[in-house]
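Asks:
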Amino acid sequence: MPSKMPERSMLSRTSLNALEGHCLSREWHEPAIGIVHLGIGNFHRAHEALYTEEAMLAEPGDWGICGVTLQGDVTKRDALMAQDGLYSVVERGPDGVRVTVVRALREVLAMPFDRARLVELFADERVRIVSLTVTEKGYCRDPRTGDADFAHAGVAHDLAHPDEPSTVPGILCAALRARRDADATPFTVLSCDNLSHNGDALRQAVCSFARRLDPALATWIETRVAFPSTMVDRIVPATTDADREAAQAALGVGDEVPVPCEPFRQWVIEDRFPAGRPAWETAGAQLVDDVAPFEIAKLRMLNATHSTLAYLSMLAGFDTISDAVGHPPLKSLIHAMMTREIAPTLAVPASFDLAAYRDALLDRYANPALKHRCSQIAMDGSQKMPPRILSTIQVRLDAGQPFERLALAVAAWFTFLRGRADDGTRYAISDPLAERLTKAAEDATTPAGLVDALVGASDVFPASLARNPVLREALLRAATRLANGALTAIDEYVRLD
Ligand code: CS2
């Protein structure tokens with residue numbers, strides 16, 4: 001968390017008048033809280049919170065946000081509350097830096113310490129949306145069934161202590177039970193994470209959990225609560241001191257928790273909000289009947305190439321995504337991956353130009369002003385690889401089509417799990433399955449041993465893939481080439497073209 005900057009005046013709602021040049025509009029009426037957001041990370045603050053502020057400026061309404069950290073991060077809570085919930089978004093693009101003060105965040109809570117206040121908000125019918133950015137692992141899902149993972153320690157705790165939940169299924173189940181018991185209108189549950197069919201995925205996790213506790217509650221949730229799906233997109237790295245300095249320089253006051261991001265943003269939302277919603281379309285969000293084409297294209301084109309770049313770079317020694325695509329063979333590799341292996345699996349509207357989308361992604365990745373660390377993207381591979389890459393490989397296998405570059409990405413993740421770069425530099429592995437997967441990777445003494453050990457992880461590889469000989473051969477080719485170094489392997493795969 002933030003390294004303390006020298007004493008200075010900080011962002012506060014009493015100093016907003018002096019900052020109106022950095023606000024989206026001079027007009028601002030403090031809204032009551034209408035949205036509770038679980039997962040008050042940088043992404044939400046540079047994405048949904050900004051869209052929501054713009055929406056309220058266009059059509060005033062009580063859509064103020066209460067952000068909740070589920071990880072007990074009181075430092076983040078206290079830093080934001082010390083600034084009255086204010087923070088700045090530091091947009092870094094080729095044309096320079098743009099600093100915007102966001103006012104939509106009205107309160108910040110840290111679970112479990114602020115549980116009473118959260119229960120109070122969940123019971124308040126003015127809260128009509130509960131949204132989430134808790135990352136893939138935050139859903140506590142069993143990858144084999146999509147239900148809540150009942151072997152997960154937090155899920156087991158919440159089943160035994162339903163009034164003191166700590167997991168997303170447990171927290172949402174308790175909140176919705178309170179609404180039902182009070183005969184109150186349910187809130188809409190809005191997933192904003194990088195999962196395929198994220199609304200349905202969250203609904204299944206919550207309802208399967210609720211069914212263990214109270215089958216009638218599960219039925220009530222299934223029939224009364226909306227879980228619309230969304231596709232969210234904005235590249236939002238972790239905050240650095242350079243961002244704090246940029247905010248201070250622009251605002252003349254301090255901001256301990258600014259959020260860096262790229263200029264680009266996109267939000268595609270399934271328009272199912274029985275209790276109402278902000279006018280997000282006025283801020284450029286796309287309200288649609290079916291998010292799936294947008295969501296799958298983004299997961300398979302952006303997130304898959306992000307993970308590919310991240311693992312090959314962690315081995316080759318590139319620090320940021322812009323460094324990685326600054327290596328021409330690696331840029332060529334992911335260009336070919338999108339063109340030849342990913343785009344053919346996508347069914348998108350005729351108006352969706354995949355070649356233009358690919359080229360725009362490469363431009364976004366090359367943004368030299370944004371220090372998006374490969375190590376940040378490399379986290380949680382066991383949760384990210386299935387929706388981003390393994391599902392595409394399954395489609396290619398079913399169609400009898402090659403997937404050499406996608407196989408290289410998977411083998412690069414396997415090799416990454418050993419915890420050391422090609423030059424011997426060690427790095428930590430952050431992943432819910434780190435202990436088991438890193439041991440399997442470290443114990444492997446040959447490329448075949450590495451592939452067989454990790455393909456055997458049934459909570460990552462569906463059985464249909466794990467026993468597929470075509471996949472094993474492709475992974476073995478890739479792992480063997482990576483044994484000679486990632487840069488050498490990249491050069492060999494570029495020659496596939
Ligand atoms: C990234 C995503 O960290 C990661 O795994 O691939 O956070 C990515 O930056 C966003 O999905 C972009 O919209």
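Numbering (UniProt numbering), first residue to last: 1 to 497. Yeah, the Cβ is synthetic: ideal placement off N, Cα and C, and Gly gets one too.
1) For the alpha helix (DSSP H) holding Trp413, just list the boundary residues, first then last.
2) Between Thr305 and Met337, what straight-line distance do the alpha-carbon atoms span, to the nearest angstrom?
3) Identify the residues that DSSP records as bridge partners of Leu333: which are they?
4) Taking 8 Å as the cut-off, is the C-beta of Ile342 nearer than that to any heavy atom in ligand 1?
5) Quick one: which unbroken beta strand (DSSP E) runs of 3-plus residues sit fully inside the stretch 263-294? Chain order, please.
6) Does Gln383 pass the burial test, meaning 16 or more other C-beta atoms within 10 Å, or should it be called exposed?
7) Below 8 Å, is the gap between the Cβ of Ile334 and the nearest heavy atom of ligand 1?
8) Which class does Glu164 belong to by DSSP, given the choice of helix, strand or coil?
9) Can you confirm whether the stretch 80-99 touches the stretch 366-377 when touching is taken to mean that 3 or more C-beta pairs between the two stretches lie within less than 8 Å?
10) Determine which residues share a DSSP beta bridge with Ile35 and list them.
11) So, is Thr167 buried or exposed, given that buried needs 16 or more other C-beta atoms within 10 angstroms?
12) Which one of Glu435, Glu442, Leu346 and Leu471 has the shortest CA to CA distance from Ser400?
13) When the Cα atoms are used, what is the spatial distance from Val36 to Arg179?
14) Just mark Tyr139 as buried or exposed, buried being the case when its beta carbon has 16 or more other beta carbons within 10 Å.
15) Are the stretch 300-320 and the stretch 256-266 touching by the rule of at least three beta carbon pairs closer than 8 Å?
16) If you run the structure through DSSP and keep just helix, strand and coil, what is Tyr139?
17) Is it right to say Ser313 is buried, meaning 16 or more other beta carbons lie within 10 angstroms of its own, or is it exposed?
18) Tell me Leu251's beta-bridge partners as DSSP assigns them.
19) Could you tell me which residues DSSP puts in a beta bridge with Tyr87?
20) Is Gln286 near ligand 3, in the sense that its beta carbon is under 8 Å from a heavy atom of that ligand?
21) Taking its Cβ as the centre, do 16 or more other Cβ atoms sit within 10 Å of residue 500, making it buried, or is it exposed?
22) According to DSSP, what are the bridge partners of Gly96?
23) Please report the Cβ distance between Glu270 and Leu195, rounded to the nearest whole angstrom; I am assuming they are in contact, meaning their Cβ atoms lie under 8 Å.
24) Does the distance from the C-beta atom of Leu57 to that of Leu86 stay below 9 Å?
25) Verify the contact flag: Arg234, CB atom, against every heavy atom of ligand 1, threshold strictly below 8 Å.
26) I'd like to know whether the C-beta atoms of Asp363 and Leu302 end up nearer to each other than 9 Å.
27) Leaving aside the five residues before and after Ala147 along the sequence, list all residues of the same chain whose C-beta is less than 6 Å from its C-beta, in chain order.
28) Starting from the Cα of residue 506, find the closest Cα among Ala428, Ile40 and Pro387 and give me that residue.
29) Taking only the alpha-carbon atoms, compute the straight-line gap between Asp459 and Glu245 and give it to the nearest angstrom.
30) Who are the Cβ neighbours of Arg117 in its own chain at under 7 Å, not counting the five residues just before and after it?
31) Is any heavy atom in ligand 1 found nearer than 8 Å to the beta carbon of Ser307?
32) If I measure Cβ to Cβ from Lys331 and keep anything under 6 Å in the same chain, skipping five residues before and after, which residues do I get?
33) What residue range is occupied by the uninterrupted beta strand (DSSP E) comprising Leu190?
34) For Val206, collect the residues of the same chain with a Cβ closer than 7 Å to its Cβ; drop the 5 residues on either side in sequence, then sort them by chain order.
35) For Leu105 versus Ile65, is the C-beta distance shorter than 9 Å?
36) Tell me where the alpha helix (DSSP H) around Pro215 begins and ends.
Replies: Looking at the atomic coordinates:
1) Glu404 to Phe416
2) 8 Å
3) None, per the DSSP bridge assignment.
4) no
5) 266-270 and 286-288
6) buried
7) no
8) coil
9) yes
10) Ile65 and Ile129
11) buried
12) Note that residue 400 is Gly in the sequence shown, not Ser. Residue Leu471 is the option with its Cα nearest to Gly400.
13) 15 Å
14) buried
15) no
16) helix
17) buried
18) Beta-bridge pairing links Leu251 to no other residue.
19) Val102
20) You won't find ligand 3 in this model; what it holds is ligand 1.
21) Here the chain comprises residues numbered 1 to 497, so residue 500 is not present and cannot be evaluated.
22) Gly93
23) So it is not a contact: roughly 14 Å between Cβ atoms.
24) no
25) yes
26) no
27) It should be noted that the sequence gives Asp, not Ala, for residue 147. Ser208.
28) This structure does not reach residue 506, given that the chain is present from 1 up to 497, and the question cannot be answered.
29) 43 Å
30) Leu109
31) yes
32) Val325
33) Thr188 to Ser191
34) Pro169, Leu172, Cys173 and Ile221
35) yes
36) Pro215 to Arg224
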